[in-house]
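Novice:
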Amino acid sequence: MNIGDKVRLVHGREEGVIYAFLPGNVVEIEIEDGFRIPVLRNEIVTISPVESQRMVKPEETKAVAARVDVIVPRNAPFAEKGIYLAFISVNDRTLTVHVINNTDWILPFTAVAASESVSRGLAAGVLQPRTSQKLTEVEMKDFESWPVFDIHALYFREGNHQLPIALNKRIRCRAQSFYKNKGKVPVLGKEGFVYQLDEENLKRETPGISEDVAGEIKARMLGQAAPEQNSLPKPEQVIDLHIEKLVNNHKSLSSDAILKKQLDVFESNLESAIANGMEEITFIHGAGSGALKNELHRRLGKNQHVQFFKDALKEKFGYGATLVKIK
1 MNIGDKVRLV HGREEGVIYA FLPGNVVEIE IEDGFRIPVL RNEIVTISPV
51 ESQRMVKPEE TKAVAARVDV IVPRNAPFAE KGIYLAFISV NDRTLTVHVI
101 NNTDWILPFT AVAASESVSR GLAAGVLQPR TSQKLTEVEM KDFESWPVFD
151 IHALYFREGN HQLPIALNKR IRCRAQSFYK NKGKVPVLGK EGFVYQLDEE
201 NLKRETPGIS EDVAGEIKAR MLGQAAPEQN SLPKPEQVID LHIEKLVNNH
251 KSLSSDAILK KQLDVFESNL ESAIANGMEE ITFIHGAGSG ALKNELHRRL
301 GKNQHVQFFK DALKEKFGYG ATLVKIK
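Everything in the sequence shown is counted per full-length UniProt numbering, starting at 1 for the first residue and increasing by one.
1) Between the Cα of Pro147 and the Cα atoms of Glu199, His305, Pro38 and Ala312, which residue gives the shortest distance?
2) Based on the DSSP secondary-structure assignment, which residues constitute the bridge partners of Pro108?
3) On the DSSP bridge list, what partners appear for Lys184?
4) Give the straight-line distance between the Cα atoms of Leu313 and Pro129, rounded to the nearest whole angstrom.
5) Can you tell me where the alpha helix (DSSP H) holding Val265 begins and where it ends?
6) Measure the CB-CB distance between Val17 and Glu30 and report whether it falls below 7 Å.
7) Thr46: buried (16+ other C-beta within 10 angstroms of its C-beta) or exposed?
8) Could you tell me if residue 371 is buried or exposed, where buried requires 16 or more neighbouring beta carbons within 10 angstroms of its beta carbon?
9) In the structure shown, what three-state DSSP assignment does Leu163 receive?
10) Kindly indicate the opening and closing residues of the alpha helix (DSSP H) around Gly301.
11) Under DSSP, the beta strand (DSSP E) around Leu40 begins and ends at which residues?
12) Just confirm the distance between the C-beta atoms of Ile44 and Leu22, as a whole number of angstroms; I'd bet it's less than 8 Å.
13) Of the choices Phe309, Phe78, Ile37 and Gly320, whose alpha-carbon is the least far from that of His161?
14) At the level of alpha carbons, what is the spacing between Ala275 and Arg172?
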């Protein structure tokens, strides 16, 4: 037996693929939808590649019959929308990521995991109507370094049609709870966190949307009560960090307290700008001693969602403002 071999349980109906060999003569099998189960090596048998060509299992016959039962009548409305990216919990550590086509279009697609330094191809192919494909797995402990999921798809259907513009969407997961994305995953019928890629009222028409899932996923996985959802209203395009603009009685504050307040406002507005899919935001920090500017630039340089930052237009803000370009 080798990793990747297709196997069947001796005393069960489950089938899957060998994922790993564990100590104690135990084999980890990945079954339907990415779920894994540990079994003893003598409890599984390999499946011959020619078996599927010569035999049709009863469950496959039922599946075919079920698909026949749900064929859409010719006069039924054509399902234009329903393309999703979904995260489904495997256990308290791992989630599987799926792209789902719940429309009547045929979708040639590519899926890429993009990080700061490199992009990794996850899958490419054709999604038939009402089908899904597993893309990858992600670990909760690595949430802060999850990639941006970049999905591209074309629309196809035989005959004459008004084709939609090609789908080109980016999902960036942010570290805060996001209740509204929790629900049943279309096609797969499992509970998960679902992002509709072809939704009309997306936050940005151009490629790139930012969404937040970690708090809710982690809370549900650990059996904890989910935190209250914190709304992130879209901030102004220009944020003035002068302390007199932030608090009424600033004269009683120490220098450290003033800097802390300014940085708190900076962080919350930057986070909100990223979550709302803004392309850029400007922070007015003033010239002064340069302490606030230096700290802002230090934090911006470490933020993986910042494409670049630079001095804002001097004729508009003088020498005391920084323009931040968001990925």
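Even for Gly, the Cβ is constructed at its ideal location relative to N, Cα and C.
Specialist: Quick answer:
1) Here residue 147 refers to the residue found at position 147 when the sequence shown is read from its first residue. Of the candidates Glu199, His305, Pro38 and Ala312, the one whose C-alpha sits nearest the C-alpha of Pro147 is His305.
2) Position 108 of the sequence shown holds residue 108. According to DSSP, Pro108 bridges with Val126.
3) Position 184 of the sequence shown, counted from the first residue, corresponds to residue 184. Answer by DSSP bridge pairing, in chain order: Glu191.
4) Counting from 1 along the sequence shown, the entry for residue 313 is found at position 313. Counting from 1 along the sequence shown, the entry for residue 129 is found at position 129. When rounded, the distance between both Cα atoms is 50 Å.
5) Walking along the sequence shown from the start, residue 265 turns up at place 265. Its alpha helix (DSSP H) spans residues Ser255 to Ala275.
6) As a working note, residue 17 is residue 17 in the sequence shown. As a working note, residue 30 is residue 30 in the sequence shown. Against a cut-off of 7 Å, the Cβ pair of Glu30 and Val17 comes out as a contact.
7) If you number the sequence shown from 1, residue 46 lands on position 46. Classification of Thr46: exposed, given that the 10 Å Cβ count is below 16.
8) The structure shown does not extend to residue 371, since the chain is modelled only from 1 through 327, so no value can be given for it.
9) For the purposes of this step, residue 163 is taken as the residue at position 163 of the sequence shown. Leu163 falls in the coil class under three-state DSSP.
10) Taking the sequence shown and counting its residues from 1, the one referred to as residue 301 is at position 301. Where Gly301 is concerned, the enclosing alpha helix (DSSP H) stretches over Ala291 to Lys302.
11) Counting from one through the sequence shown, the residue named residue 40 turns up at place 40. Start and end: Arg36 to Leu40.
12) In the sequence shown, the residue the question calls residue 44 occupies position 44. In the sequence shown, the residue the question calls residue 22 occupies position 22. The pair is not a contact, with the Cβ atoms about 13 Å apart (cut-off 8 Å).
13) Against the sequence shown, residue 161 aligns to sequence position 161. Looking at the Cα atoms, Phe78 is the closest of the given residues.
14) Position 275 of the sequence shown, counted from the start, is the residue given in the question as residue 275. Position 172 of the sequence shown, counted from the start, is the residue given in the question as residue 172. Their backbone Cα atoms lie some 9 Å apart in a straight line.
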